[in-house]
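Numbered by the numbering used here, the letters in the sequence shown go through residues -19 to 476 in order.
Backbone N, C-alpha and C define an ideal beta-carbon position, used for all residues, glycine too.
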Amino acid sequence: MTFDVVVIGAGIHGAAIARDAALRGLSALLVDARDVAAGASARTSSVIDAGLRDLRRGRFVAAREALQERERLLRTAPHIVRPLPMLAPCYDDVTEAPARLWIATTLSSRLARRSTLPRPRRLDAGAAIAAFPGLQPRGLRSGLLFFEARVQDARLTLANVLDAVAAGAGFCNHAEVAGCDADGVTLRAAGAEVVIKARELVNAAGSSVDIVRRSLGGDGPDLVRARRVRRVVMPARVGELALCAFLPGDLAHAVVPHAGGALCSAEEGAAQQSELSSRDRVDQICASFARLFDPPPRRQDICRVVSCSRALPRGVDELRARHDPPLIVSEDVSCGRLHTVVGCRFTSHRAFAERAVASIFGLSHASPTRTRPLPGGDGPREVSDDLWWRHGSRLGALRASVAAAPELGERLCEHRPFLTAELIDAVQRQGAVTFADAMLRRLVDVRGPCTEPACLRRAIVVFQRAGGEVGDEDREIAAIVEESRGESSGWQREDS
Ligand SMILES: Cc1cc2nc3c(=O)[nH]c(=O)nc-3n(C[C@H](O)[C@H](O)[C@H](O)COP(=O)(O)OP(=O)(O)OC[C@H]3O[C@@H](n4cnc5c(N)ncnc54)[C@H](O)[C@@H]3O)c2cc1C
């Protein structure tokens, strides 16, 4: 088997590159040692940012690209990426950062002349508290209301994979790269090995890119370092408003509302960046949010800790590393040319993929991904139906299956919103191979899956009825409980 390109890693970058290549008529194979969005791409802060940090650093080209990509996503995947109103409170003791944010958002809305999102506006302290109940009133001077976009990151990654497959790409999850020689790349899947030939190899394995490089014979110093990031999910808030607040030292804290809970992230200062245990870090996050919330959050309020390794380029300081656009580093290995994705940026993944495929294959024409809707992104917007927010126009197929078999319209369990039909769809049309693929990366909820053993056992019956295979039920359930606790990076148990 020979492919124009084999892409290793089905996170957002690998998925977008496979999609771009397939839509430009190249033969592409996307493989992942685990599954779609098994790494950082399911654990972002859920914000498609408009490049405000780029503006603050005077990087207008990157900021313009982020703005364009945000608009594109709002248009091509409206069920996955939606406008997100954000409140930035301004307190007595931190005035500079909100002032800079005001300048950046104003500049940004000028740059985005054709943006569909409203312009930023100032609120007085009373209006800020009314808009975001529970905000600490002490020392509050005013607020800034501006717009970003909220993304369901794992679903967007999956949508890229599904579109790549619809355009002719191959996709293999649970297939690990075992090595390469002049004959090609060896893939190991389900205990068997197969050798694949590729004109070009793309390594998009996130924080594991250096492990993949070594396994393919790449040498030279490591390109990335992994940085452990933790965030917490607090109980769901009423309303759609997110919070973006600064604490002394310019540390940004964000609260992003989801249907099941509020995802809270707290930027760490340089002094805090030593590896803390999960428990200590959670205490630290609670303590910093205590400055912003009244009453302060307590450890027992936390529904979930979401933990993950973020791949940052080596030799670059933390802040720059987080906000620099990713790049491709190419080297020769025995089976051909290996192109490694270094750095991270969820927002601009499409534009990055377009550039990467163009430069690897010497193409100059614009990619169809500029205007093509992602799966579910076309058709009427049925915003009053929760199912539309999960499946977009693919909703029609789900409704048809429920019409044919009404029991498929029942919820899998009372603790999560998912229908039986959605689990079946995950197995039969969305590439879930294992029970964990379906429950963790197709039926995605900010709280993680329901971990009640009785609910999981009922779901296993549906999974098997849909054609899924389950070995040891207890082990499958234990794996879901373990991973959903958020304490697994997908590769290593945390704190081990
Ligand atoms: C907490 C957090 C918050 C973030 N917030 C933002 C944000 O607000 N905005 C933003 O733009 N970016 C954000 N990012 C960065 C963004 O999430 C990442 O840049 C992006 O998701 C990385 O995608 P990726 O495809 O490069 O890697 P990943 O998503 O990590 O995917 C790598 C894939 O490679 C697979 N893999 C690993 N080894 C192998 C192997 N040997 N063989 C085959 N497959 C393999 C893994 O299973 C995985 O699926 C955040 C990251 C984190 C961790």
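| query | result |
| --- | --- |
| Asp163 - DSSP class collapsed to helix/strand/coil | coil |
| CB-CB length for Phe(-17) against Leu9, believed under 8 angstroms | 5 angstroms |
| Buried or exposed by the 16-neighbour rule on C-beta atoms within 10 Å, applied to Glu49 | buried |
| CB of Leu167 within 8 angstroms of CB of Val157, strictly | yes |
| Contact set for Ile460: own chain, Cβ-Cβ below 8 angstroms, skip 5 residues either direction | Phe415, Ala416, Met419, Leu420, Pro429, Thr431 and Leu436 |
| C-beta atoms of Arg217 and Ala242 nearer than 8 angstroms | yes |
| Distance cut-off 7 angstroms: Cys70 Cβ against heavy atoms of ligand 1 | no |
| Collapsed DSSP secondary structure at Pro293 in the structure displayed | strand |
| Span of the alpha helix (DSSP H) around Glu362 | Run containing Glu362: none; DSSP gives neither H nor E here. |
| Cys324: CB within 7 angstroms of a non-hydrogen atom of ligand 1 | yes |
| Straight-line gap, Gly197 to Val165 (C-alpha atoms, nearest Å) | 11 angstroms |
| From Asp0, Arg14, Gly359 and Ala439, residue whose alpha carbon lies closest to that of Ala169 | Arg14 |
| Straight-line Cα distance separating Ala239 from Ile60 | 13 angstroms |
| Ile(-12) beta carbon near ligand 1 (any heavy atom closer than 7 angstroms) | yes |
| Ser268 beta carbon near ligand 1 (any heavy atom closer than 7 angstroms) | no |
| contact_flag[the segment 216 to 236, the segment 349 to 365] where n(CB pairs < 8 angstroms) is 3 or more | no |
| Alpha carbon of Ala134 to alpha carbon of Asp281, nearest angstrom | 25 angstroms |
| Alpha helix (DSSP H) runs wholly inside the segment -11 to 51, at least 4 long, in chain order | -8 to 3 and 32 to 36 |
| Cβ-based neighbour list, Asp190, same chain, cut-off 7 angstroms, excluding 5 preceding and 5 following | Asp202, Leu203 and Val204 |
| Beta-carbon gap between Ala(-10) and Val131 smaller than 8 angstroms | no |
| Pro117 to Ala267 span [Cα, whole Å] | 17 angstroms |
| Selection from Ser314, Ile28 and Ser7 that minimises the alpha carbon distance to Arg330 | Ile28 |
| Closer than 7 angstroms: Ser169 CB and nearest ligand 1 heavy atom | Just to set this straight, residue 169 is Ala in the shown sequence, not Ser. For ligand 1, not one heavy atom lies less than 7 angstroms from the Cβ of Ala169. |
| Buried versus exposed call for Pro215 [16 or more other C-beta atoms within 10 Å across all chains shown] | exposed |
| C-beta atoms of Ala291 and Gly119 nearer than 8 angstroms | no |
| Same chain, Cβ closer than 8 angstroms to Arg352, five either side skipped, listed in chain order | Leu3, Thr56 and Asp143 |
| Ser476, buried or exposed, once every other Cβ within 10 Å from all chains shown has been counted against 16 | Low confidence applies here, because Ser476 scores a pLDDT of 26, under 50, leaving its location unreliable and the question unanswered by this model. |
| Residue range of the beta strand (DSSP E) that includes Ile265 | Looking at the DSSP string, Ile265 is not in any beta strand (DSSP E); the run it does join, the alpha helix (DSSP H), is Ser258 to Phe269. |
| Completely contained beta strand (DSSP E) runs for the segment 168 to 235, where each covers 3 or more residues | 172 to 183, 204 to 215 and 222 to 227 |
| Closer than 7 angstroms: His154 CB and nearest ligand 1 heavy atom | no |
| Gly31: CB within 7 angstroms of a non-hydrogen atom of ligand 1 | no |
| Run of the beta strand (DSSP E) containing Phe127, from where it starts to where it stops | Leu120 to Val131 |
| Closest Cα partner of Pro69 within the set Arg284, Ala84, Asp104 and Ile83 | Asp104 |
| Residues bridged to Asn153 (per DSSP) | Asp12 |
| Per-residue DSSP class, three states only, for Met66 | strand |
| Per-residue DSSP class, three states only, for His238 | coil |
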